[in-house]
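Participant: For the sequence shown, my numbering begins at 32 and goes up steadily by one.
C-beta atoms are modelled at their ideal positions from N, C-alpha and C, and glycine is treated no differently.
This structure is in structure tokens; I'll ask about it shortly.
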Amino acid sequence: MEENADPKVLNVKDSSLVHDFSGSKDTNNANMFTKKVMVVFGFLVIAGILSGYLLVNVKGAQKIIKGPGGSFQTGIEKGKIFGSSDEKTFKDQAEGVLKTGGIDGEGAYHLERPGGDSQNVYLTSSFVDLSQFVDTKVKVWGQTNSAKKAGWLMDVGRLQILE
């Protein structure tokens, strides 16, 4: 090239446009990168397993219990009370085994009591999720509502596990 040439123009002979892909220099860097990724991945897997184990086995955590009829219940213990503590509003009470289903659109659940179907108490609830207690013997406190088909229709505000 000429000595009077523009200094901004690069000498093509001095710069390499094609990189060497033979792996002589970059192989070690690639191996180090792969090893680091594998170590981090392994650490994350172990941390995930350990945290899952700790969450399941923490003292005081609610246990999942498979109840009769295949329903799943959590943290249900005999004698435990759920719902409102307002005894003036929810003064009516009944005992029996909680079952799903109402009668002709009245109630979503019912209590089976001794004496047959005529003794059933049909239930709705705006305070307690009754689905957790299906096939469990319970005592309920509630407010009696007028019904067309049900002998006794109650809005449950409080529930106690008996068995």
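Check whether the segment 144–156 and the segment 70–79 are in contact - that is, three or more C-beta pairs closer than 8 Å.
Facilitator: In short, these stretches do not touch, since the Cβ pair count stays below three.
Participant: Suppose the cutoff is 7 Å on Cβ atoms and the five residues either side in sequence are ignored; what does the same chain contact list for residue 131 look like?
Facilitator: Here the set comprises 140 and 165.
Participant: Checking the sheet assignment: what are the DSSP bridge partners for residue 113?
Facilitator: DSSP output for residue 113 lists 190 as bridge partner(s).
Participant: Quick check: the Cα distance between residue 102 and residue 172, rounded to an integer number of angstroms?
Facilitator: Only weak support is given to the placement of residue 102: the predicted model assigns it a pLDDT of 49, under 50, and the value that follows is read from those uncertain coordinates. About 23 Å.
Participant: Just the C-alpha distance for residue 143 and residue 127, rounded to the nearest angstrom, thanks.
Facilitator: Rounded to whole angstroms, residue 143 to residue 127 spans 5 Å at the Cα level.
Participant: Which residue or residues does DSSP assign as beta-bridge partners of residue 172?
Facilitator: According to DSSP, which records beta bridges pairwise, residue 172 is partnered with 124 and 189.
Participant: From the DSSP output, read off the bridge partner residues of residue 129.
Facilitator: Answer is 142.
Participant: Look at the alpha carbon of residue 181 and the alpha carbon of residue 80, and state the distance between them as a whole number of angstroms.
Facilitator: Between residue 181 and residue 80, the C-alpha separation is close to 52 Å.
Participant: Give me, in chain order, the residues of the same chain whose beta-carbon lies closer than 8 Å to that of residue 188; leave out the 5 immediate sequence neighbours on both sides.
Facilitator: Excluding residues within five positions, the ones whose Cβ falls inside 8 Å are 114, 115, 117, 120, 121, 156, 157, 158, 159, 172, 173 and 174.
Participant: Sorted by chain position, which residues of the same chain lie with C-beta nearer than 7 Å to residue 99's C-beta, five sequence neighbours on each side aside?
Facilitator: Annotation note: pLDDT 47 at residue 99 (below 50); position unreliable, coordinate value reported separately. Once the five neighbours on either side are set aside, the close Cβ partners of residue 99 are 166.
Participant: So, are the CB atoms of residue 193 and residue 168 less than 8 Å apart?
Facilitator: Yes. Within cutoff.
Participant: Once you ignore the five residues that flank residue 125 on each side, which residues in its own chain have a CB closer than 6 Å to its CB?
Facilitator: Cβ neighbours of residue 125 beyond the five flanking positions: 142, 152 and 171.
Participant: Which class does residue 177 belong to by DSSP, given the choice of helix, strand or coil?
Facilitator: If DSSP states are grouped into helix, strand and coil, residue 177 belongs with coil.
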